[in-house]
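Undergrad: Have a look at this one.
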Amino acid sequence: MQDFIGELPLDGAQQLRIRATHRGFTYQNLYAVGCLLRLQDAGAESLLLERDEDLEVVLPERRLYLQVKTRQSGVLVWSDIQSAVDDYRSGIRAEHDEGRRSGTPALVVITNAQPGPDLLHKTQAAGWPDDVHLLCPGGPSGTDAWLPPPTTDLDAMLRWCTAEAGKVPFLSLRPQTLVEKLAARVQYASTGALGQGFVAADLPQLFEQFVQELQAFPEDPITYRPQRTDPELVNDQRVRLVVGYSGAGKTTWAAHAAKRCPLSVTYCNAAEGLSADSLAESLARELAARHLSSPTTSALPHGSSVDVLRAVHLRLTETATVVAVVLDNAHRLPTDGLRMLIDALPTARWILLAQPWPAQPVLEAHLGITPQVLPGWTVDTVAEVFAAEGCRTDYPTAQRVNTLAGGLPLYIGQAAALTRSQYGADAAAFCDAFEKRTHVTSTAQELILEQAFDGLGEVAAALAGLLALAEVPLMRDELQQLAAEIGLARASVNARALRELAAHGLTQSFGDGHLKLHDAARSIAASMVDALDDDTTDRVQRTLCRVLEGERAPARLSRWMRLLGSTGQIDHLIALTEQEGFFERGYPRELHAVLADTAHAPDADPALRFDAHNALSAWAFREGDLDALSTHVQAMETLHRAGHPDFGPRERMLLASRQFRLYGESGALAQLRKAYAEAIVQTPAPSRYERGLRYEYASALWEAGQYQETGQLAVDVARAYLDHLGLEVDDIMAPMNVLHAQCLNHDTPDDFKRLADCFNLVVVVHRKLNSMAFGNWAVWARRLYAVSGATRSAINSGQDVADVLRLTDPAEALKMLDTLRLAAEEDNLPDMVIGVRSQRALILAHTGDIAGARAEIDVLSRYDLTRNQSEDIRHQSQLIEEIANRQPGA
Numbered sequence: 001m002q003d004f005i006g007e008l009p010l011d012g013a014q015q016l017r018i019r020a021t022h023r024g025f026t027y028q029n030l031y032a033v034g035c036l037l038r039l040q041d042a043g044a045e046s047l048l049l050e051r052d053e054d055l056e057v058v059l060p061e062r063r064l065y066l067q068v069k070t071r072q073s074g075v076l077v078w079s080d081i082q083s084a085v086d087d088y089r090s091g092i093r094a095e096h097d098e099g100r101r102s103g104t105p106a107l108v109v110i111t112n113a114q115p116g117p118d119l120l121h122k123t124q125a126a127g128w129p130d131d132v133h134l135l136c137p138g139g140p141s142g143t144d145a146w147l148p149p150p151t152t153d154l155d156a157m158l159r160w161c162t163a164e165a166g167k168v169p170f171l172s173l174r175p176q177t178l179v180e181k182l183a184a185r186v187q188y189a190s191t192g193a194l195g196q197g198f199v200a201a202d203l204p205q206l207f208e209q210f211v212q213e214l215q216a217f218p219e220d221p222i223t224y225r226p227q228r229t230d231p232e233l234v235n236d237q238r239v240r241l242v243v244g245y246s247g248a249g250k251t252t253w254a255a256h257a258a259k260r261c262p263l264s265v266t267y268c269n270a271a272e273g274l275s276a277d278s279l280a281e282s283l284a285r286e287l288a289a290r291h292l293s294s295p296t297t298s299a300l301p302h303g304s305s306v307d308v309l310r311a312v313h314l315r316l317t318e319t320a321t322v323v324a325v326v327l328d329n330a331h332r333l334p335t336d337g338l339r340m341l342i343d344a345l346p347t348a349r350w351i352l353l354a355q356p357w358p359a360q361p362v363l364e365a366h367l368g369i370t371p372q373v374l375p376g377w378t379v380d381t382v383a384e385v386f387a388a389e390g391c392r393t394d395y396p397t398a399q400r401v402n403t404l405a406g407g408l409p410l411y412i413g414q415a416a417a418l419t420r421s422q423y424g425a426d427a428a429a430f431c432d433a434f435e436k437r438t439h440v441t442s443t444a445q446e447l448i449l450e451q452a453f454d455g456l457g458e459v460a461a462a463l464a465g466l467l468a469l470a471e472v473p474l475m476r477d478e479l480q481q482l483a484a485e486i487g488l489a490r491a492s493v494n495a496r497a498l499r500e501l502a503a504h505g506l507t508q509s510f511g512d513g514h515l516k517l518h519d520a521a522r523s524i525a526a527s528m529v530d531a532l533d534d535d536t537t538d539r540v541q542r543t544l545c546r547v548l549e550g551e552r553a554p555a556r557l558s559r560w561m562r563l564l565g566s567t568g569q570i571d572h573l574i575a576l577t578e579q580e581g582f583f584e585r586g587y588p589r590e591l592h593a594v595l596a597d598t599a600h601a602p603d604a605d606p607a608l609r610f611d612a613h614n615a616l617s618a619w620a621f622r623e624g625d626l627d628a629l630s631t632h633v634q635a636m637e638t639l640h641r642a643g644h645p646d647f648g649p650r651e652r653m654l655l656a657s658r659q660f661r662l663y664g665e666s667g668a669l670a671q672l673r674k675a676y677a678e679a680i681v682q683t684p685a686p687s688r689y690e691r692g693l694r695y696e697y698a699s700a701l702w703e704a705g706q707y708q709e710t711g712q713l714a715v716d717v718a719r720a721y722l723d724h725l726g727l728e729v730d731d732i733m734a735p736m737n738v739l740h741a742q743c744l745n746h747d748t749p750d751d752f753k754r755l756a757d758c759f760n761l762v763v764v765v766h767r768k769l770n771s772m773a774f775g776n777w778a779v780w781a782r783r784l785y786a787v788s789g790a791t792r793s794a795i796n797s798g799q800d801v802a803d804v805l806r807l808t809d810p811a812e813a814l815k816m817l818d819t820l821r822l823a824a825e826e827d828n829l830p831d832m833v834i835g836v837r838s839q840r841a842l843i844l845a846h847t848g849d850i851a852g853a854r855a856e857i858d859v860l861s862r863y864d865l866t867r868n869q870s871e872d873i874r875h876q877s878q879l880i881e882e883i884a885n886r887q888p889g890a
């Protein structure tokens with residue numbers, strides 16, 4: 001099992017422990033923020049962090065030691081605080097009693113929980129010390145009424161602090177922004193920095209500093225939507241280079257991340273035409289005004305701008321002040337100018353925001369840095385943006401939009417606006433028009449990227465067009481084969497052109513040697529091959545088809561199948577549909593039209609038409625289209641009656657199988673039994689056709705509601721497959737690499753998948769009969785599906801296994817579902833993602849994370865859902881609320 005699901009960095013239980021730990025630290029940090037906001041009004045002198053207690057408040061004649069305790073259970077017991085009380089009485093209070101510490105001490109235990117009966121009785125007993133106090137939600141404030149009242153959870157604590165921050169007289173700063181900045185400073189000070197505390201008299205200046213810093217950034221949007229992984233502004237790198245096209249959200253990310261940054265942040269923009277010298281002097285004066293006293297500022301030298309910046313650096317070093325500098329549009333400055341700025345301020349943390357530019361590799365080499373690219377928005381964020389514009393979209397279409405826009409926020413936002421205004425809120429229609437370049441309004445994406453293409457040489461533009469045509473990552477030698485078909489045979493010239501594309505940020509390279517065109521640039525680059533004549537285009541496509549033939553990687557396999565259709569290789573395409581795994585992966589929807597054209601072509605080979613109708617009938621059955629299924633079965637019957645030299649047992653079995661499914665779906669039990677009786681006597685036994693017929697009959701019985709009979713027959717057929725494959729049940733539980741090798745090396749590897757189908761049929765029977773005794777059958781099915789490449793069925797069986805695990809090991813169930821979601825996304829099965837995630841939400845609730853479960857259901861509800869998906873989410877949401885109502889305090 002472990003080999004299939006892969007290794008994850010944390011198990012579920014560890015994740016829960018980590019979340020609980022971080023909740024505790026964050027609650028303590030927010031409580032410290034609340035103390036800071038009231039510190040001056042309390043007449044206190046300072047607040048110290050992580051000394052002898054979590055927090056220490058120094059008052060003129062008193063000292064408060066605050067111990068912050070959070071509990072998920074909602075109940076605080078004596079053992080939770082016993083060590084803190086004992087340490088205070090025997091250590092801290094003794095220090096005060098013996099005169100080694102000044103002021104009158106008191107210990108205050110701050111908690112989000114209610115005291116349990118035993119603890120409450122102990123605090124009210126005669127022997128409870130007078131200088132130890134317990135402060136809990138709704139409890140009395142005691143002698144220090146200025147202390148923030150503790151709340152039951154983090155959200156309430158944040159709301160209280162935000163409301164308190166609203167009383168600070170800086171109207172240009174949002175209260176929550178001030179809270180977030182203070183929380184970051186508290187966390188930073190807890191590490192031992194900033195003297196490990198705050199002086200009350202310095203707080204107004206600190207508040208003002210935050211105002212100055214945030215006003216320098218461009219205005220932060222009211223609704224900030226984070227990138228796929230939103231990195232912090234500073235890390236362990238002294239110089240950080242963040243590169244992306246205009247519209248990638250670099251400045252917005254930096255402005256938002258600056259609110260959480262523990263360092264003071266200075267923002268500057270390298271405006272068009274501004275020299276490095278001018279920027280150096282402007283930056284020096286701004287840093288001096290913010291961080292140095294007035295006398296020092298006036299004493300700055302009047303030499304060159306870089307001398308002024310160096311002088312500011314020396315003054316900052318003397319005061320041990322470390323700052324972060326965000327330099328926007330860094331690509332506008334020459335490389336030497338950038339290096340001069342960075343060298344003049346060596347202790348600062350530099351964050352360079354830039355668009356891709358030709359001199360970028362030179363700067364990287366001089367500074368020894370690797371550029372970073374913001375990962376863009378997630379598919380969930382795309383759905384959220386479109387919903388905000390009144391355009392609901394299903395998961396596959398949101399994924400399609402994200403790919404077309406390369407995940408870039410500006411492009412996605414404009415796509416949503418255009419979808420609403422020009423495509424009747426139909427996101428799929430917008431995607432169709434954008435891909436075919438039939439839309440009438442130019443987008444920001446096109447205007448920005450066209451500028452990049454205008455600067456390309458002829459060879460670079462042609463290679464960009466070939467990469468757009470390929471759609472999937474290619475090795476350099478594979479691209480060279482395509483280039484040769486359009487007359488670009490010189491590899492050295494092409495290599496220079498590829499470096500040119502990389503310098504403009506139009507290509508992405510991978511560690512295994514593959515490269516691809518940036519998704520956002522594909523629609524623009526595709527126009528580069530429009531000028532090719534039909535013969536050349538066909539040669540390029542056939543060469544690409546040969547390059548991709550035999551691939552198993554989902555994206556390359558999908559592209560190969562589409563190329564088979566567009567180059568007229570229908571016989572190869574239909575042969576693929578006969579494989580057990582064809583419908584198990586994300587097959588391209590375009591193939592449906594290709595198969596339909598072949599099936600209805602009167603001049604096509606009848607055997608080819610028969611196979612096309614067979615593939616289309618399987619498609620119709622999977623999609624629940626009974627009318628289409630009936631049409632294709634009737635066509636197969638007509639072609640089979642007409643006869644063909646190639647028709648034999650295989651065609652009889654295929655026709656009977658499709659008839660079984662039609663009769664089972666229609667509930668025509670008598671016809672089903674008759675058709676099976678007629679077919680089985682014409683089929684040699686034992687044989688692959690006989691086993692296939694028996695399985696298809698069992699499946700049809702399931703559709704007809706004959707569950708007990710289905711289960712027994714499925715077990716019988718499973719035994720037949722086990723005998724044929726020479727397997728025992730124990731063999732199925734062998735290491736996955738061993739089982740996979742057995743599958744690949746067997747004469748009939750597809751039978752491993754057929755055996756899994758039998759096991760899975762037993763599982764669905766058990767589920768239908770409300771029996772949970774299907775765990776082993778589901779595990780066996782999942783393992784066999786995995787080694788035979790049947791991804792769709794492997795995910796379904798994995799969900800069955802997760803359903804069993806949720807009762808015994810929900811953390812393991814979460815790990816499995818995370819792996820299943822990854823498999824669905826990698827194998828282009830977006831229709832399965834919603835079901836996996838809704839199941840994951842329910843299991844989150846079983847772990848106690850009700851908030852996480854509700855949040856996931858809320859996200860999924862933004863999508864345009866099918867009827868089955870809506871019912872599933874409604875059902876899971878109901879179960880989540882039932883679990884929530886059973887929790888203490890509900």
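Residue numbers (our numbering): 1 to 890.
Glycine included, each C-beta is placed from N, C-alpha and C at the ideal position.
Keep in mind it's a predicted model, so treat the numbers as computed, not measured.
Measuring CA to CA, which of L727, I524, C391 and V779 is closest to F759?
TA: Here residue 759 refers to the residue found at position 759 when the sequence shown is read from its first residue. Answer by Cα proximity: V779.
Undergrad: Expressed to the nearest angstrom, what Euclidean distance is found between the alpha-carbon atoms of L434 and Y676?
TA: To locate residue 434, count along the sequence shown from 1; it is residue 434. To locate residue 676, count along the sequence shown from 1; it is residue 676. A small correction: the amino acid at residue 434 is Phe; Leu does not occupy that position in the sequence shown. The straight-line gap from Cα to Cα measures roughly 50 Å.
Undergrad: Below 8 Å, how does it come out for the segment 196-207 and the segment 342-352: are there three or more Cβ pairs, yes or no?
TA: The segment 196-207 is not in contact with the segment 342-352.
Undergrad: Examine the Cβ distances between the segment 495-510 and the segment 382-394 and report whether three or more of them are shorter than 8 Å.
TA: In short, these stretches do not touch, since the Cβ pair count stays below three.
Undergrad: If distances are taken between C-alpha atoms only, which option among Y27, E450, M528 and L488 comes closest to Q187?
TA: If you number the sequence shown from 1, residue 187 lands on position 187. It is Y27 whose Cα lies nearest to the Cα of Q187.
Undergrad: Going by other Cβ atoms of all chains shown within 10 Å of its Cβ, with 16 needed for buried, is K753 buried or exposed?
TA: The sequence position of residue 753 within the sequence shown is 753, counting from 1. When all chains shown are included, K753 counts as buried.
Undergrad: Does P295 pass the burial test, meaning 16 or more other C-beta atoms within 10 Å, or should it be called exposed?
TA: For this step, residue 295 is matched to residue 295 along the sequence shown. With a pLDDT of 41 at P295, under the threshold of 50, the modelled position of that residue is not reliable, and the figure given next carries that caveat. With fewer than 16 Cβ atoms within 10 Å of its Cβ, P295 is classed as exposed.
Undergrad: Quick check on P735: buried or exposed, where buried means 16 or more other Cβ atoms within 10 Å of its Cβ?
TA: Here the question's residue 735 lines up with position 735 in the sequence shown. The residue is exposed, with fewer than 16 neighbouring Cβ atoms inside 10 Å.
Undergrad: Assuming the contact rule is C-beta atoms closer than 8 Å, E485 and T543 should be a hit. Round their C-beta distance to whole Å, please.
TA: Here residue 485 refers to the residue found at position 485 of the sequence shown. Here residue 543 refers to the residue found at position 543 of the sequence shown. Their Cβ separation, rounded to whole angstroms, is 5 Å, which keeps E485 and T543 in contact under 8 Å.
Undergrad: Since R93 contacts P105 with CB under 8 Å, what's their CB separation in whole angstroms?
TA: Taking the sequence shown and counting its residues from 1, the one referred to as residue 93 is at position 93. Taking the sequence shown and counting its residues from 1, the one referred to as residue 105 is at position 105. About 6 Å separates the two Cβ atoms, so the contact holds.
Undergrad: Can you look up S172 in the DSSP assignment and give me helix, strand or coil?
TA: Here residue 172 refers to the residue found at position 172 of the sequence shown. With a pLDDT of only 40 at S172, under the threshold of 50, the placement of this residue in the model should not be trusted; the figure read from the coordinates follows. Of the three classes helix, strand and coil, the one that applies to S172 here is coil, per DSSP.
Undergrad: Nearest to V306 by CA position, among N329, G550, D277 and E56, is which residue?
TA: By one-based count along the sequence shown, residue 306 stands at place 306. Ranking N329, G550, D277 and E56 by Cα distance to V306 puts D277 first.
Undergrad: With DSSP run on the structure shown, which of helix, strand or coil describes H504?
TA: Against the sequence shown, residue 504 aligns to sequence position 504. Coil at H504, not helix or strand.
Undergrad: Can the beta-carbon of V765 be found closer than 7 Å to that of T808?
TA: For the purposes of this step, residue 765 is taken as residue 765 along the sequence shown, with counting starting at 1. For the purposes of this step, residue 808 is taken as residue 808 along the sequence shown, with counting starting at 1. No. Outside cutoff.
Undergrad: CA-CA distance, Y224 and N329?
TA: Taking the first residue of the sequence shown as 1, we reach residue 224 at position 224. Taking the first residue of the sequence shown as 1, we reach residue 329 at position 329. Cα to Cα, the separation comes out at about 21 Å.
Undergrad: Using beta-carbon positions only, say whether L517 and L467 come within less than 7 Å of one another.
TA: Reading the sequence shown from its first residue, position 517 is the one you call residue 517. Reading the sequence shown from its first residue, position 467 is the one you call residue 467. It is a contact, given that the beta carbons lie within the stated cut-off.
Undergrad: Have a look at the DSSP bridge pairing and note the partners of K516.
TA: What you label residue 516 is simply residue 516 of the sequence shown in a count that begins at 1. Answer is Q508.
Undergrad: Per the contact definition of three or more C-beta pairs closer than 8 Å, is the segment 851-861 in contact with the segment 822-831?
TA: As far as the Cβ criterion goes, the segment 822-831 does not touch the segment 851-861, which means the pair count is below three.
Undergrad: Indicate the three-state DSSP secondary structure (helix, strand or coil) for W146 in the structure shown.
TA: Counting from one through the sequence shown, the residue named residue 146 turns up at place 146. Three-state result, W146: coil.
Undergrad: Under a three-way DSSP split, which group does L557 fall into?
TA: In the sequence shown, the residue the question calls residue 557 occupies position 557. DSSP places L557 in helix when its eight states are reduced to three.
Undergrad: If you drop the 5 nearest sequence neighbours on each side, which residues of the same chain put their C-beta closer than 6 Å to that of Q40?
TA: As a position in the sequence shown, residue 40 is number 40, starting the count at 1. Same-chain partners within the cutoff: A200.
Undergrad: What's the C-alpha gap between L287 and F430?
TA: Stepping through the sequence shown from its first residue, residue 287 is reached at position 287. Stepping through the sequence shown from its first residue, residue 430 is reached at position 430. Roughly 48 Å between the two C-alpha positions.
Undergrad: Assuming L563 and L548 make a contact with CB atoms under 8 Å, what is their CB distance in whole Å?
TA: On the sequence shown, position 563 is the one that residue 563 refers to. On the sequence shown, position 548 is the one that residue 548 refers to. About 7 Å separates the two Cβ atoms, so the contact holds.
Undergrad: With a Cβ-Cβ cutoff of 7 Å, do V239 and I342 count as a contact?
TA: Taking the sequence shown and counting its residues from 1, one reaches residue 239 at position 239. Taking the sequence shown and counting its residues from 1, one reaches residue 342 at position 342. Cβ distance < 7 Å, so V239 and I342 count as in contact.
Undergrad: Where DSSP assigns a beta bridge to C891, which residues make up the other side?
TA: No information on residue 891 is available, as it lies outside the stretch 1 to 890 that the chain covers here.
Undergrad: On the DSSP bridge assignment, give the partners of R240 in chain order.
TA: Along the sequence shown, one-based indexing puts residue 240 at 240. R240 is bridged to I351.
Undergrad: Put G643 into one of helix, strand or coil per three-state DSSP.
TA: Taking the sequence shown and counting its residues from 1, one reaches residue 643 at position 643. Looking at G643 - three-state DSSP - the assignment turns out to be coil, as it is neither helix nor strand.
Undergrad: Give the straight-line distance between the Cα atoms of T403 and P371, rounded to the nearest whole angstrom.
TA: Locating residue 403 in the sequence shown gives position 403, where the first residue counts as 1. Locating residue 371 in the sequence shown gives position 371, where the first residue counts as 1. Roughly 22 Å separates the two Cα atoms.
Undergrad: From which residue to which residue does the alpha helix (DSSP H) around I524 run?
TA: Numbered from its first residue, the sequence shown carries residue 524 at position 524. It spans R522 to A526 - the alpha helix (DSSP H) in which I524 sits, taken as one unbroken run.
Undergrad: So, helix, strand or coil for I486, using DSSP?
TA: As a first step, residue 486 is located in the sequence shown; it is residue number 486 there, counting from the start. I486 falls in the coil class under three-state DSSP.
Undergrad: For C743 and L814, what's the separation of their Cα atoms in angstroms?
TA: Here residue 743 refers to the residue found at position 743 when the sequence shown is read from its first residue. Here residue 814 refers to the residue found at position 814 when the sequence shown is read from its first residue. For C743 and L814, the distance between alpha carbons rounds to 28 Å.
Undergrad: Answer yes or no: do A824 and I795 have a C-beta to C-beta separation smaller than 7 Å?
TA: As a first step, residue 824 must be located in the sequence shown, where it is residue number 824. As a first step, residue 795 must be located in the sequence shown, where it is residue number 795. A contact, by the Cβ cut-off of 7 Å.
Undergrad: Have a look at Q355, A593, L474 and A464 and flag the residue whose alpha-carbon is nearest the alpha-carbon of A895.
TA: Residue 895 falls outside the range modelled here, since the chain spans only 1 to 890, and no answer is possible.
Undergrad: Give a yes or no on whether the C-beta atoms belonging to G835 and L820 are separated by under 7 Å.
TA: Along the sequence shown, read from residue 1 onward, the residue named residue 835 stands at position 835. Along the sequence shown, read from residue 1 onward, the residue named residue 820 stands at position 820. Not closer than 7 Å, so no.
Undergrad: Where does W619 land, buried or exposed, given buried means 16+ other C-beta within 10 angstroms?
TA: Numbered from its first residue, the sequence shown carries residue 619 at position 619. W619 comes out buried.
Undergrad: From this set, A698, L727, L725 and M733, which residue's C-alpha is nearest D716's C-alpha?
TA: Position 716 of the sequence shown, counted from the start, is the residue given in the question as residue 716. The residue with the shortest Cα to Cα distance from D716 is A698.
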